[in-house]
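Structure first, commentary second.
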Amino acid sequence: MKVAITSAGNSPESQLDSRFGRCSYFVIFDTESKSTEFIPNPNKENLDGAGPASAHLVASRGVKKVISGEFGSKVKSLFDSLQIQLIVLNDSDKNIGEIIELLNHK
Amino acid sequence: MTNPPHFKGFQPIGLPEEKNPVVLHYEEYEAVRLSDFELYTQLEAAKEMGISRPTYTRIYESARRKIAMAFVKGKAIVFEGGKVYFDSEWYSCNACGCWFNHPAKEEDVKSCGLCNSPEIEQYQGNGQQNGAEDLCVCPQCGLEKAHTPGIPCKAEECPNCKCAMHRKGTPHHNGFRINKC
Ligand SMILES: [Zn+2]
Ligand SMILES: [Zn+2]
Ligand SMILES: [Zn+2]
Chain A
1 MKVAITSAGN SPESQLDSRF GRCSYFVIFD TESKSTEFIP NPNKENLDGA
51 GPASAHLVAS RGVKKVISGE FGSKVKSLFD SLQIQLIVLN DSDKNIGEII
101 ELLNHK
Chain D
1 MTNPPHFKGF QPIGLPEEKN PVVLHYEEYE AVRLSDFELY TQLEAAKEMG
51 ISRPTYTRIY ESARRKIAMA FVKGKAIVFE GGKVYFDSEW YSCNACGCWF
101 NHPAKEEDVK SCGLCNSPEI EQYQGNGQQN GAEDLCVCPQ CGLEKAHTPG
151 IPCKAEECPN CKCAMHRKGT PHHNGFRINK C
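Protein chains in written order, with the numbering used here: chain A, 1 to 106; chain D, 1 to 181.
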């Protein structure tokens, strides 16, 4: 299963980026192959519609879960309709590597 | 709305604890977040919250006045309420502290979407869904009492340990960091 995580940078040491639509990078983590891919967010500077555009981007990668600090209501209903689970981590002192470790506990 | 704030409020530095804090509703918090943090226009923010522009303006004005009141008078701010914004099913995980929702409604939720721990609780919004009792609970000893509408749980003191209480079944009661007694 693929999981998207919003990241402030392009390494596992980067912090979770708490804003979904305008995060710096999306990490696509595959829980089976354990592969990680960092995708720069092309919507980072968007004044308008960054949330839905980012939602479509991660959905097109086939993720089943998205982990971020917060989601707008439009984004939320979009993901709901796509049956993609949202996970909110307010505790932003976890870095990407640590979040992936949590996912690997399965 | 997006998410409720992940902490319970603010307290001024260097003043004794206020007995009558300013109560900021979640929609007011959300209005300030959208206008002054995300820098949305009022029209965009109103759309985002699914309300009319005049309603948005009212909520936003009210939020700013409350914040100004707290700022000038040195009052604490306590976040409360706003059940309308939490009608989707959300769960909190006691193991990793995350929240997650559940888009596939036909399946039961048995474990955390992030760490897979079974230590999860459904988020009850304002505490009155599903006929659940509305209770304040002490984070220290677990004592419960009926919640008094209009009085923030935080303003209630546990008779045993003098802890500020929390609304039962909310993320605040589930061990967020600010919840130290
Ligand atoms: Zn968890
Ligand atoms: Zn107590
Ligand atoms: Zn209460």
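Built from N, CA and C at the ideal position, the CB exists for glycine as well.
Model, not experiment: these values are computed from the prediction.
- Exposed is the label assigned to L43 (chain D), since fewer than 16 other Cβ atoms lie within 10 Å of its Cβ.
- Nearest CB-CB separation between Q15 (chain A) and chain D: not below the 8 Å threshold.
- By the beta-carbon neighbour count (other beta carbons within 10 angstroms, threshold 16), M165 (chain D) is buried.
- Closest option to E119 (chain D), judged by alpha-carbon separation, among D:D108, D:E144, D:C96 and D:E107: D:C96.
- In terms of side-chain proximity, the C-beta atom of S68 (chain A) is found no nearer than 7 Å to any non-hydrogen atom of ligand 1.
- Using a Cβ-Cβ cut-off of 8 Å, I84 (chain A) counts as an interface residue toward chain D, since at least one Cβ of chain D sits closer than that to its own.
- Of all residues in the segment 140 to 151 of chain D, none is placed with a Cβ closer than 8 Å to any Cβ belonging to chain A.
- Assignment of N101 (chain D) by DSSP, reduced to helix, strand and coil, places it in the strand class.
- Uninterrupted alpha helix (DSSP H) stretches at least 4 residues long and entirely within the segment 14 to 59 of chain D occur at 26 to 32 and 42 to 49, given in chain order.
- For E70 (chain A), the three-state secondary structure derived from DSSP is strand.
- Taken through DSSP and simplified to helix, strand or coil, V75 (chain A) comes out as helix.
- Put simply, the backbone Cα of V88 (chain A) is about 20 Å away from that of R61 (chain A).
- By the Cβ neighbour-count rule, G113 (chain D) is buried, with 16 or more other Cβ atoms within 10 Å of its own.
- Taking 8 Å as the CB threshold, V88 (chain A) lines the interface with chain D.
- Scanning chain D for C-beta atoms nearer than 8 Å to the C-beta of K74 (chain A) yields E48, reported in chain order.
- Look at L57 (chain A): its C-beta is not under 8 Å from any C-beta on chain D.
- Within chain A, the C-beta atoms nearer than 9 Å to that of P103 (chain D) come from F79, D80, S81, L82, Q83, I84, Q85 and L86, in chain order.
- L57 (chain A): member of the alpha helix (DSSP H) spanning A50 to S60, first to last residue.
- DSSP places I99 (chain A) inside the alpha helix (DSSP H), whose first and last residues are I96 to N104.
- Bounds of the beta strand (DSSP E) holding D30 (chain A) are Y25 to D30.
- Counting only residues of its own chain and dropping the five nearest sequence neighbours on each side, E157 (chain D) has a CB closer than 8 Å to the CB of C163, A164 and M165.
- In the three-state reduction of the DSSP assignment, E80 (chain D) falls in the strand class, which pools E and B.
- Assignment of S7 (chain A) by DSSP, reduced to helix, strand and coil, places it in the strand class.
- A distance of 8 Å or more separates the beta carbons of I100 (chain A) and T6 (chain A).
- With 5 Å as the limit between CB and the heavy atoms of ligand 1, the residues that fall short of it are D:C93, D:A95, D:C96, D:C112, D:L114, D:C115 and D:S117.
- Nearest neighbour of I151 (chain D) by Cα position, chosen from D:R167, D:C161 and D:N160, turns out to be D:R167.
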